[in-house]
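To start, the structure under review is shown below, and the notes come after it.
2 protein chains.
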Amino acid sequence: MPKPLLSAEAIFDEALRVLAEEGAAGLTIRTLAARLRCSNKTLYQQVGSYEVLVRGVVARAFARLELGFAADAAWEVAAESWCTELRAALLANPDLCTLMTIADRDVVIDHVHRLMAVLERDGFHHSRAVEAGGILAHVTLSMTLSDVAAPGEWDDPRVFATTVRWLVHGMALSRAEDNLRHHDRAGSPRTGRPARRRRNAS
Amino acid sequence: MPKPLLSAEAIFDEALRVLAEEGAAGLTIRTLAARLRCSNKTLYQQVGSYEVLVRGVVARAFARLELGFAADAAWEVAAESWCTELRAALLANPDLCTLMTIADRDVVIDHVHRLMAVLERDGFHHSRAVEAGGILAHVTLSMTLSDVAAPGEWDDPRVFATTVRWLVHGMALSRAEDNLRHHDRAGSPRTGRPARRRRNAS
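Chains H and C, in that order, give the protein sequences.
Residues 1 to 202 (the UniProt record's numbering) are what the first sequence spells out, left to right.
Residues 1 to 202 (the UniProt record's numbering) are what the second sequence spells out, left to right.
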């Protein structure tokens, strides 16, 4: 049953199946064209280039990832579980990691927004939540892709777990400082007392 | 003046000069053989393979890097400056970053030892200093190589600076916990009082 017209959706769905069944090395224009029963030329015309195909596959694979992180828990727990889940999802999809370049970092943006929502719910200012979401995503992706590319003693899971725990401590301190600063500015008129911290500062 | 015998030192010295003058793309067996006035075959026989040549060049380039970090300052300042200096050295040598793979992480080990010495001087237990040195190196290398490979909004230097600052906060907490635990174990018999923290734990 030859297909007269190939939708982008059909192409990328098939490409994801190829990736799942044959791995990153199996994902070629030739293989994909054969499975879609079209010529290599037709497929090139539809997707533009192999590079575009790969970037689209990575973006779609990420959009489908379910990061079942603990969004209802306190932000510290939620943030740690978000990083752990993202790392686990990457480790479970080594072929995706092989195809993924650091230029693909933006594909996690929807997942980062879900984490940011938890942080803002628990008192992070918006700009701090943006910063923290970016840092947790950057560190998780960089370290995990590194570990997948070069397995060895550096990829001990405890190294990653401690890294995330330390970042969460730092986030807690920044959050507290932000809120103190905000309290200093906003608090005095409301309470009628001078802000304590400022009075004690030398 | 043809050279009858090529020492490994002479080969790698010349390779580092090629890297400095012509960049990563210029470092080929052919170029290097021409500059050393030997045949490609002779050079292959000497170094084994292009891969071995590149790994050797990276290791030597790293051994020569002077990380002028603030080793005499308090550990928090020293650790931040170590990460900043390592990142700056990498950013100043983009050709080295191109050649470097994550498998080359062990080439920083001498630099990590210098950082660990500062941490142990300032009260970190040895195992915690090992852990912290490894994490700071891993995060700095992973993030910086990522940023070099894919420049863009994620490589804002403030992102890296905040990441390191947060890690240092986490290290401070772990150091304090370690020392409290140690005090609990060692303190009671010396002071004759039960360790407070333990008594209050539920």
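Quick reminder that beta carbons are idealized off the backbone N, C-alpha and C, glycines included.
Quantities reported herein were computed from a predicted structural model and do not represent experimental measurements.
query: Starting from E14(C) and walking both ways along the alpha helix (DSSP H), at which residues does that stretch end?; result: 8-26
query: Between G123(H) and chain C, is the shortest Cβ-Cβ distance under 8 Å, so that the two count as touching?; result: no
query: Hey, how far is the Cα of N40(C) from the Cα of D95(H)?; result: 36 Å
query: From A172(H) to V107(H), what does the alpha carbon distance come to, in whole angstroms?; result: 27 Å
query: Run the CB neighbour count on S146(C), radius 10 Å, all protein chains shown included, and call it buried at 16 or more, exposed below.; result: buried
query: On a Cα-Cα basis, can you pick out the residue from R185(C), D184(C), G23(C) that is closest to M100(C)?; result: G23(C)
query: Quick one: complete alpha helix (DSSP H) runs, 4+ long, within the segment 59-93 of chain C?; result: 75-92
query: Thinking C-beta only, is L16(H) closer than 8 Å to V57(H)?; result: yes
query: Where do the ends of the alpha helix (DSSP H) carrying M143(C) lie?; result: 126-149
query: What is the rounded straight-line gap between the Cα of A20(C) and the Cα of I11(C)?; result: 14 Å
query: Who are the near neighbours of S174(C) in its chain, counting only those whose CB is closer than 7 Å to its CB and skipping five residues on each side?; result: R128
query: Under 7 Å Cβ-Cβ, which residues of chain H neighbour I109(C)?; result: Chain H residues near I109(C): none, gap ~11 Å exceeds 7 Å.
query: On the three-state DSSP scale, how would you describe T163(C)?; result: helix
query: Can you tell which of L86(H), E80(H), G170(H) has its C-alpha closest to the C-alpha of E66(H)?; result: L86(H)
query: Do G170(H) and H169(C) count as a contact pair if the criterion is CB distance below 8 Å?; result: yes
query: Please determine, among A92(H), A78(H), L90(H), the residue with the shortest C-alpha to C-alpha distance to A117(H).; result: A78(H)
query: Shorter than 7 Å, the distance from the beta carbon of A73(H) to the closest heavy atom of the ligand FMN, or not?; result: In terms of ligand content, the structure shown is empty, and the ligand FMN therefore cannot be addressed.
query: Less than 8 Å separating the beta-carbons of R180(C) and T144(C)?; result: The residue asked about is misnamed: residue 180(C) is Leu in this sequence, not Arg. Contact: no.
query: Exposed or buried, which one is A61(C) when buried takes at least 16 other CB atoms within 10 Å?; result: buried
query: Given a limit of 7 Å on CB to CB distance, which residues of the segment 120-153 of chain H reach chain C?; result: E131, G134, I135, H138, V139, S142, M143, S146, A149, A150
query: With respect to the alpha helix (DSSP H) encompassing D110(H), which residues constitute its N-terminal and C-terminal limits?; result: 109-121
query: In terms of alpha-carbon separation, which member of L36(H), A8(H), Y50(H), S7(H) lies closest to A25(H)?; result: Y50(H)
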